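Colleague: Residue numbers (my numbering), protein chains in the order written: chain A, 1 to 127; chain B, 1001 to 1127; chain C, 2001 to 2127; chain D, 3001 to 3127; chain E, 4001 to 4127; chain F, 5001 to 5127. Just passing along the structure, written as structure tokens.
Number of protein chains: 6
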Amino acid sequence: MADTKRTAVLTGKVKEFWDERGRLNDVVIKQSGLTTKRFFNLDHQAYKEGALPVKTKELLGLVASLVLRCDDCISYHVVRCYEEGVETEELEETLSIGLVVGGSITIPHLRRAFDTWNELQQGGADG
Amino acid sequence: MADTKRTAVLTGKVKEFWDERGRLNDVVIKQSGLTTKRFFNLDHQAYKEGALPVKTKELLGLVASLVLRCDDCISYHVVRCYEEGVETEELEETLSIGLVVGGSITIPHLRRAFDTWNELQQGGADG
Amino acid sequence: MADTKRTAVLTGKVKEFWDERGRLNDVVIKQSGLTTKRFFNLDHQAYKEGALPVKTKELLGLVASLVLRCDDCISYHVVRCYEEGVETEELEETLSIGLVVGGSITIPHLRRAFDTWNELQQGGADG
Amino acid sequence: MADTKRTAVLTGKVKEFWDERGRLNDVVIKQSGLTTKRFFNLDHQAYKEGALPVKTKELLGLVASLVLRCDDCISYHVVRCYEEGVETEELEETLSIGLVVGGSITIPHLRRAFDTWNELQQGGADG
Amino acid sequence: MADTKRTAVLTGKVKEFWDERGRLNDVVIKQSGLTTKRFFNLDHQAYKEGALPVKTKELLGLVASLVLRCDDCISYHVVRCYEEGVETEELEETLSIGLVVGGSITIPHLRRAFDTWNELQQGGADG
Amino acid sequence: MADTKRTAVLTGKVKEFWDERGRLNDVVIKQSGLTTKRFFNLDHQAYKEGALPVKTKELLGLVASLVLRCDDCISYHVVRCYEEGVETEELEETLSIGLVVGGSITIPHLRRAFDTWNELQQGGADG
């Protein structure tokens, strides 16, 4: 129940996603101007420790990504939730709120979110 | 014009989608709590025979999936429409309403919907 | 159960919406070019009798409008459904599919859809 | 910093919204079938105390409502956050994540969210 | 055809919108933290003269607002387009692209966009 | 800075997308009725030279596709922008407006848009 930080061991499709994400971020940085660079910076800042702990902020990012149905964003926040020590029950309750708010149209993304979580738990010794 | 039920013979990409959908549903069931389980149940019930026939309900699910632009949801309802004996003209008119309501942004999904329908018709002897 | 056409007697907020809609359509027609005019024409055509009856097409338009959460579009299709002789149970099942597909975020629109239906039933002698 | 529950004193536009919401819920209940009733029930359940506290769940509901840009849903969760003892800094950080995820298109809703929060703080003796 | 800057004389509903927008921006500024303040700044910067002229950027903001169906955002960009000397034909072509991309669900917003444009032209001596 | 038209040399993933798009368009044309055919025609017309040049219209189509988060639509307009002689700075500013309007949820699509642009520049001798 304590929030023990974890190191995510990425394998299979999750690792593939993470590597491609890194490669494409380099492509963006090379070609983008000041507005885009500042946005990326702001995006990073928004999830930093504040009145709310990082863990809660990652859950907020996850539910927002689920109802907006963005697989890449969901995968990213699922990995981050894992790293921040989110428990399976906490992840599940967050996803279930997204499911109720966003409806059955979110189910394909919900499926892949649980699949990613599953892979992370099997990859990590402390999962 | 009569609604003769059909058995969908899944091949190629449609079969791949269907199998992966089944595998992931198992992943969800294993990890999900009561809210998610009840939602899945409700989702199932909503398409049952009532004042409206199942066929009409599947067309409603299809057009909702098209305007919300969810490929997996569209593929699922296209298969179900096929099973319920929907005629090509009926499917086409449903998709065209979705296209007009949802705009050109739905076209990539419309393309794949017709492709799935095409595969189903070629796979089934009674297509 | 038969599809008896009805004449919608618009009162209160529904009448207000309908009149404003008419006024604004005139504003659009005066200022719009060929693409917009053709789109309006196409929008009209999509709901005409075809392989699917007009009533079913209005239900399709309604569910698409609900999941996309457009109050004006919902009000329009609720009035049209009333005119086409849609029964309360049929309307309710259509809205419930939209609710399940689109999630709790559609509830404010669902509420107003039922309110409009209620007003139409009280306004019409044949409701 | 402790989560002291508060009683929300609704005034002005917030009270208007809340009363109309109640009136329309009655309209829905009278006309809706089993699927819709069960959905409303599920919606209620999703926010109950579990592995995550009610307060966190209301913040999740709020950020989901902001990125999906539903004023009624936002107003509802802002009132609920107030009742659950959410601090202004916590609300603000939640909204700022929604703003970054959902973009400038959420700003009109962000403005009204802060306005509602403002009214609640002025209405309540313990704000 | 030349881009003569214009002064927008706001009247009626457009003035009401603009004043409320100003009042609410003050509410946001008072309660918001660094992330939100930086976002507002970034939002302002994105529309400044660059490789693309301000006029084109306002048309980009307008079409994005139309397909995302945000009335407040549309009203804002319509006023800004007016100030930047956008011609009626240019505005109309921009809106028609939004209509085709976003579908009939954008029509209620298209109607109000033309209505706002109409009010601006009647309010200004150089309209 | 002049708008020199370019010939896009499609390679790799971009070519794959373009070919599949062509194949699927044929599938649609074979099975679709009058409404869909007219819509495709209208979609084509909306981007033709008018009061606004084709280049500006393609930028409008691109930003609309980005905020609606449709990869296929984005890829199509990026190719068309390349053909119309859009400069990297112009493309970047257009995408940055989409990013600010649509938020971080558009970032995965932004990444792929820049990647496509990159491939086009490397493929073409005049890139």
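Idealized CB from N, CA, C, for every residue including glycine. These numbers were taken from a predicted model, which means no experiment stands behind them.
Check each candidate in E:4025, E:4050, E:4095 and name the one with the smallest Cα separation from residue 34 of chain A.
Modeller: Position 34 of the first sequence, counted from the first residue, corresponds to residue 34 of chain A. It is E:4050.
Colleague: Under 6 Å Cβ to Cβ from residue 2065 of chain C, same chain only, skipping five residues before and after it: list those, please.
Modeller: Counting from one through the third sequence, the residue named residue 2065 of chain C turns up at place 65. So the qualifying residues of the chain are 2073, 2074, 2077.
Colleague: Please state whether DSSP places residue 3004 of chain D in a helix, a strand or coil.
Modeller: For this step, residue 3004 of chain D is matched to residue 4 along the fourth sequence. Residue state, collapsed to three classes: coil.
Colleague: With distances taken from CA atoms, which of E:4094, E:4004, E:4122 is nearest residue 2036 of chain C?
Modeller: Along the third sequence, one-based indexing puts residue 2036 of chain C at 36. For residue 2036 of chain C, the nearest C-alpha among the options comes from E:4094.
Colleague: Verify the CB distance criterion: does residue 3115 of chain D have a CB-CB separation below 8 Å to chain E?
Modeller: Position 115 of the fourth sequence, counted from the first residue, corresponds to residue 3115 of chain D. Chain E contact via Cβ: present.
Colleague: Determine, for residue 1127 of chain B, whether the minimum Cβ-Cβ distance to residues of chain F falls below 8 Å.
Modeller: Position 127 of the second sequence, counted from the start, is the residue given in the question as residue 1127 of chain B. Only weak support is given to the placement of residue 1127 of chain B: the predicted model assigns it a pLDDT of 39, under 50, and the value that follows is read from those uncertain coordinates. Output row for residue 1127 of chain B: interface = no.
Colleague: Quick one: measure Cβ to Cβ for residue 31 of chain A and residue 5114 of chain F, integer angstroms, because I've assumed they're closer than 8 Å.
Modeller: Reading the first sequence from its first residue, position 31 is the one you call residue 31 of chain A. Reading the sixth sequence from its first residue, position 114 is the one you call residue 5114 of chain F. Correct: roughly 5 Å between the Cβ atoms.
Colleague: Is DSSP giving residue 4051 of chain E helix, strand or coil here?
Modeller: The residue labelled residue 4051 of chain E in the question sits at position 51 within the fifth sequence. Of the three classes helix, strand and coil, the one that applies to residue 4051 of chain E here is coil, per DSSP.
Colleague: In whole angstroms, give me the CA-to-CA distance for residue 2081 of chain C and residue 1096 of chain B.
Modeller: Reading the third sequence from its first residue, position 81 is the one you call residue 2081 of chain C. Reading the second sequence from its first residue, position 96 is the one you call residue 1096 of chain B. Straight-line Cα distance between these residues: approximately 19 Å.
Colleague: Grab me the residues of residue 5105 of chain F's own chain with a C-beta within less than 8 Å of its C-beta, minus the 5 sequence neighbours each way, in chain order.
Modeller: Reading the sixth sequence from its first residue, position 105 is the one you call residue 5105 of chain F. Answer for residue 5105 of chain F: 5069, listed in chain order.
Colleague: Just checking my contact of residue 4025 of chain E with residue 3111 of chain D at CB under 8 Å: how many whole Å lie between their CB atoms?
Modeller: Translated into positions along the fifth sequence, residue 4025 of chain E becomes position 25. Translated into positions along the fourth sequence, residue 3111 of chain D becomes position 111. With 8 Å as the limit, residue 4025 of chain E and residue 3111 of chain D qualify as a contact, their Cβ atoms being about 7 Å apart.
Colleague: Does the separation of the CB atoms of residue 3054 of chain D and residue 3084 of chain D fall below 8 Å?
Modeller: Residue 3054 of chain D sits at position 54 when you count from the first residue of the fourth sequence. Residue 3084 of chain D sits at position 84 when you count from the first residue of the fourth sequence. In this structure, residue 3084 of chain D lies closer than 8 Å to residue 3054 of chain D by Cβ.
Colleague: Contact defined as beta carbons within less than 8 Å: I believe residue 2090 of chain C pairs with residue 2052 of chain C. What is the distance between those atoms, to the nearest angstrom?
Modeller: Numbered from 1 along the third sequence, position 90 holds the residue referred to as residue 2090 of chain C. Numbered from 1 along the third sequence, position 52 holds the residue referred to as residue 2052 of chain C. So it is not a contact: roughly 14 Å between Cβ atoms.
Colleague: From which residue to which residue does the alpha helix (DSSP H) around residue 69 of chain A run?
Modeller: If you number the first sequence from 1, residue 69 of chain A lands on position 69. Unbroken run through residue 69 of chain A: none, as it is neither H nor E.
Colleague: Would you report the Cα separation of residue 1121 of chain B and residue 3047 of chain D, rounded to the nearest angstrom?
Modeller: Residue mapping note: residue 1121 of chain B aligns to position 121 of the second sequence, counting from 1. Residue mapping note: residue 3047 of chain D aligns to position 47 of the fourth sequence, counting from 1. Going from the Cα of residue 1121 of chain B to the Cα of residue 3047 of chain D covers about 45 Å.
Colleague: Could you name the residues of the stretch 5094-5108 of chain F whose beta carbon sits closer than 9 Å to any beta carbon of chain A, in the order they occur along the chain?
Modeller: Within the stretch 5094-5108 of chain F, the residues whose Cβ lies closer than 9 Å to some Cβ of chain A are 5095, 5096, 5097, 5099, 5100, 5103, 5104, 5105, 5106, 5107, 5108, listed in chain order.
Colleague: According to the Cβ coordinates, are residue 119 of chain A and residue 11 of chain A closer than 8 Å?
Modeller: By 1-based counting over the first sequence, the position of residue 119 of chain A is 119. By 1-based counting over the first sequence, the position of residue 11 of chain A is 11. Yes.
Colleague: Just reading off the alpha helix (DSSP H) that residue 5029 of chain F is part of, what are its end residues?
Modeller: Residue mapping note: residue 5029 of chain F aligns to position 29 of the sixth sequence, counting from 1. From DSSP, the alpha helix (DSSP H) with residue 5029 of chain F extends over 5012-5031.
Colleague: Run down chain F in chain order and give the residues with a C-beta less than 7 Å from the C-beta of residue 4090 of chain E.
Modeller: Stepping through the fifth sequence from its first residue, residue 4090 of chain E is reached at position 90. Per Cβ cutoff of 7 Å: 5051, 5052.
Colleague: Kindly list the residues whose CB is nearer than 8 Å to the CB of residue 79 of chain A, restricted to its own chain and excluding five residues on each side of it in sequence; keep chain order.
Modeller: Here residue 79 of chain A corresponds to residue number 79 of the first sequence, with the count starting at 1. Counting only Cβ-Cβ distances below 8 Å, and skipping sequence neighbours, we find 8, 10, 14, 18, 116, 120.
Colleague: Quick one: residues in its chain with C-beta nearer than 8 Å to the C-beta of residue 2045 of chain C, no 5 flanking neighbours on either side, listed in chain order?
Modeller: The sequence position of residue 2045 of chain C within the third sequence is 45, counting from 1. Here the set comprises nothing.
Colleague: So is residue 71 of chain A in contact with chain D if we call contact Cβ pairs under 8 Å?
Modeller: Here residue 71 of chain A is taken as the residue at index 71 of the first sequence, counted from 1. By this cut-off, residue 71 of chain A is not an interface position.
Colleague: Does residue 2025 of chain C have its Cβ less than 8 Å from a Cβ in chain G?
Modeller: Annotation note: the requested chain G is absent from the structure, which comprises protein chains A, B, C, D, E and F.
Colleague: Can the beta-carbon of residue 2103 of chain C be found closer than 8 Å to that of residue 103 of chain A?
Modeller: The residue given as residue 2103 of chain C occupies position 103 in the third sequence. The residue given as residue 103 of chain A occupies position 103 in the first sequence. Against a cut-off of 8 Å, the Cβ pair of residue 103 of chain A and residue 2103 of chain C comes out as a contact.
Colleague: What does a CB cutoff of less than 7 Å around residue 2071 of chain C pick up in its chain, not counting 5 residues either side in sequence?
Modeller: Residue mapping note: residue 2071 of chain C aligns to position 71 of the third sequence, counting from 1. The residues are 2109, 2112.
Colleague: For a cutoff of 8 Å on Cβ pairs, would you count residue 4079 of chain E as touching chain D?
Modeller: Locating residue 4079 of chain E in the fifth sequence gives position 79, where the first residue counts as 1. No, its Cβ sits nowhere closer than 8 Å to a Cβ of chain D.
Colleague: Which residues in chain D sit within 7 Å of residue 8 of chain A, going by Cβ to Cβ distance?
Modeller: Counting from one through the first sequence, the residue named residue 8 of chain A turns up at place 8. Those do not exist, as residue 8 of chain A stays about 20 Å from chain D at its closest Cβ, beyond 7 Å.
Colleague: Who are the Cβ neighbours of residue 4098 of chain E in its own chain at under 8 Å, not counting the five residues just before and after it?
Modeller: On the fifth sequence, residue 4098 of chain E is found 98 positions in, with the first residue counted as 1. Excluding sequence neighbours, residue 4098 of chain E sits near 4062, 4063, 4066, 4067, 4106, 4110.
Colleague: Indicate the three-state DSSP secondary structure (helix, strand or coil) for residue 4085 of chain E in the structure shown.
Modeller: For this step, residue 4085 of chain E is matched to residue 85 along the fifth sequence. It is coil, neither helix nor strand.
Colleague: Taking the alpha-carbon positions, what's the residue 3056 of chain D to residue 1021 of chain B distance?
Modeller: In the fourth sequence, the residue the question calls residue 3056 of chain D occupies position 56. In the second sequence, the residue the question calls residue 1021 of chain B occupies position 21. Between the alpha carbons of residue 3056 of chain D and residue 1021 of chain B lies a gap of roughly 31 Å.
Colleague: Using the Cα positions of residue 1029 of chain B and residue 1043 of chain B, report the straight-line distance between them to the nearest angstrom.
Modeller: Within the second sequence, the letter at position 29 stands for residue 1029 of chain B. Within the second sequence, the letter at position 43 stands for residue 1043 of chain B. The straight-line gap from Cα to Cα measures roughly 14 Å.
Colleague: For residue 4101 of chain E, which residues from the same chain have a beta carbon less than 6 Å from its beta carbon, with the 5 sequence-adjacent residues on both sides left out?
Modeller: Here residue 4101 of chain E corresponds to residue number 101 of the fifth sequence, with the count starting at 1. Taking C-beta separations shorter than 6 Å and ignoring five residues to either side along the sequence, the partners of residue 4101 of chain E in its chain run 4067, following chain order.
Colleague: Nearest-angstrom Cα distance between residue 5016 of chain F and residue 4023 of chain E?
Modeller: Numbered from its first residue, the sixth sequence carries residue 5016 of chain F at position 16. Numbered from its first residue, the fifth sequence carries residue 4023 of chain E at position 23. Looking at the two C-alpha atoms, the distance is approximately 51 Å.
Colleague: Just how far apart, CA to CA, sit residue 3092 of chain D and residue 2027 of chain C?
Modeller: Locating residue 3092 of chain D in the fourth sequence gives position 92, counting from the first residue. Locating residue 2027 of chain C in the third sequence gives position 27, counting from the first residue. Approximately 41 Å, taken between the alpha carbons.
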